[in-house]
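Written below as C-alpha cells is the structure these notes are about.
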Amino acid sequence: MAHNEYISYLHTRTFTGLKKLLRLDMSDCNLFSIPDRIFIEQTALKELLCFQNNFRRIPGAIRGMENVTHIYLERNKIEAVAYNSLLGLGSLRYLNLQENRINVIHDNAFQDLVWLENFYLNDNLLSDLPRLAFKGLSRLKMLNLGGNQLTNVSKTWFSDLVELEVLYLDRNQLLNIEEGAFENLTSLITLHLNSNNLTTLPFSVFQPIYFLGHLYLFKNPWECDCSLDWLKQWMENYKLVRDIPCASPSSVAGLDLGQVVLPTVNGTCIDPTELNLTTVSSEIVPTTENRFNSLISKLLQQELREEMGNGTESLRNGTLLDLEEGQLSAGVGGPRTQAIQSLLCFTVTWFFFGLFHLSDTNFCLYCT
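full-length UniProt numbering puts the first residue of the sequence shown at 1, with every later residue one more than the last.
Below you can see the structure in the form of C-alpha cells.
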C-alpha cells in the first residue's frame, strides 16, 4: 500500500480477515485520517508504518494495540499529543514522531509506554514540556528532543530515565540548564547540547554524571571565562569534549576553549578580559620609551662614527685637523652633523608634543 498518492481514504473493513498480519506499511500515501476501529482484528500486528501522510493528530485507531512494538508517524502534520493518544500501547519499544508540527504535549501523554526504548520527538515546535513529561519511562534508552524551540531544561523532565544512554537536546534555543536536570541519568553515555544559545555551563549541572562518554557542545556562543575552567580541565584530562569555540570575551573570541589560558593569582582564577587589560596598561609606556631610546641611541652612535671617521681622515691628510677642531670647539659641525642634530631635535620635539598633546602651531619654533 505504501507510496500511493491516490490512497486518501480507508474503509473500516479494509483489513478484515487479516488476523495474522504482522507488518503494515501505509507510508507515503495521502491519508488525512483512518477509522478508529480499522485494526480491530489485527491483534498480532507488530509494526505500523504511517509516516509521510497528512495526519493532523495521532490516529485513534492505534489506541489499545497491546502487541504493537514499532510505530512510525514521522513527517506528518500532527500538532499535539493528547493525554489519551497513546493509551494501551504497553508493548511499544519504538515511537517516531519526528518532523511533525507538535507544539503541545499534555500531561501523562506517555504514561502507558512503560517498555518504550527509542523515542523520536525531534524537529517539532515544542517550546516547553510538561513537568513530568517522561514519568514512568524507566526503560528508555534513546530520547531525541533536538530541533525544537526549547529554551530551558527542567530538572524534573528526566528524573525517571535511569536507563537512558543517549539524549539529544541539540538545535534548540537553550539558554539555561537547571541544576539537577541530569542528576538521575546514571546510564547516560552521549549528550548532544550543540547548536543552542548556551554561554556558560555550571559545574553543578554535570557533577553527578560520572560515566559520560561523549559530550557535544559546539555551535554555542560560549563565554570562555573562569566559570568554564572546570570544563577546560575536563577536556584536557579525559579527552571527552572538544570543539568549544569561544564567542566572548573579545580577547579570546574565535579560539577554542582548550587554547585559552586561565591563570591563577593567589589561587584565584583570572578572566581573560581582566588579564589582557592589566597586560596592556603595563606595556604601553615602556614600549614607547624603549622605541624612543632605541632611536636616539642609534642616531648618536651614527654621529659618533661619522665624527671619528672624519677625524681619522683629517689626521691622515694633515690639512683639515685644525679647522675641524675649531669648528667643534665653537659648537659648529659639518653639514652631516647639523642634519643629524636637526633630526634629533625634530624627534625629541615630536615625542614631547605627542606625550603632552601640545598644539601644532608652534611646532617648528622648537628646532630653529
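Yeah, the Cβ is synthetic: ideal placement off N, Cα and C, and Gly gets one too.
Going by other Cβ atoms of all chains shown within 10 Å of its Cβ, with 16 needed for buried, is residue i buried or exposed?
i	result
Q207	exposed
G267	exposed
P263	exposed
L73	buried
K232	buried
Q259	exposed
residue 408	Look at the range of the chain in this structure, 1 to 368, and you will see that residue 408 is not part of it.
V241	buried
E99	buried
G213	exposed
G254	exposed
D243	exposed
T12	exposed
residue 419	The structure shown does not extend to residue 419, since the chain spans only 1 to 368, so no value can be given for it.
L125	exposed
Let me make sure I understand the geometry here. Which of the options has the alpha-carbon closest to that of residue i?
i	options	result
L113	I105, R131, S91	S91
L48	I58, E41, M26	M26
Y6	L31, L137, L87, T190	L31
W157	I105, R57, T200, A44	I105
T43	V265, F55, F15, Q52	F15
R93	N67, N76, R101, D107	N67
E183	G146, S204, L140	S204
E178	A61, L22, R131	R131
D128	L185, F119, N118, L145	L145
N53	F39, M1, N103	M1
S159	N124, E41, N172, R139	R139
K135	F39, Q111, L125, I38	Q111
P35	F55, L21, L22	F55
E223	A247, L121, W234	A247
Distance check for residue j and residue i, CA to CA, integer angstroms please.
i	j	result
V162	M142	11 Å
P249	D225	8 Å
N148	V252	30 Å
D170	G17	45 Å
R63	N237	50 Å
E165	T151	22 Å
L228	L116	36 Å
S154	F218	21 Å
L198	N4	44 Å
S85	P272	53 Å
P221	L87	41 Å
residue 402	L257	This structure cannot settle anything about residue 402, because the visible part of the chain is limited to 1 through 368.
Y216	K19	47 Å
N176	S33	39 Å
S187	L167	11 Å
L185	P202	17 Å
F119	N96	6 Å
R57	I38	16 Å
N103	A109	13 Å
W230	L174	21 Å
A330	V265	Only weak support is given to the placement of A330: the predicted model assigns it a pLDDT of 36, under 50, and the value that follows is read from those uncertain coordinates. One C-alpha to the other measures close to 60 Å.
L45	H70	10 Å
A80	K239	41 Å
T190	L10	42 Å
A82	D123	18 Å
L137	C29	32 Å
V261	G60	58 Å
P245	A133	33 Å
N172	N194	9 Å
N196	F51	28 Å
I40	L21	12 Å
G180	H192	17 Å
Tell me which residue opens and which closes the alpha helix (DSSP H) that residue i is part of.
i	result
V205	203-206
L231	229-238
Just curious, the beta strand (DSSP E) that residue i is in, first and last residue?
i	result
E47	47-49
M26	Careful: M26 lies outside any beta strand (DSSP E) and carries neither H nor E.
C246	246-248
T190	190-192
residue 369	Given that the chain is displayed from residue 1 to residue 368, the structure contains no residue 369 and the question cannot be resolved.
H70	70-72
N96	94-96
F119	118-120
H214	214-216
Y168	166-168
Hey, is residue i's beta-carbon within less than 8 Å of any beta-carbon in chain C?
i	result
A44	As a matter of chain content, chain C is missing from the structure shown, which is built from one protein chain.
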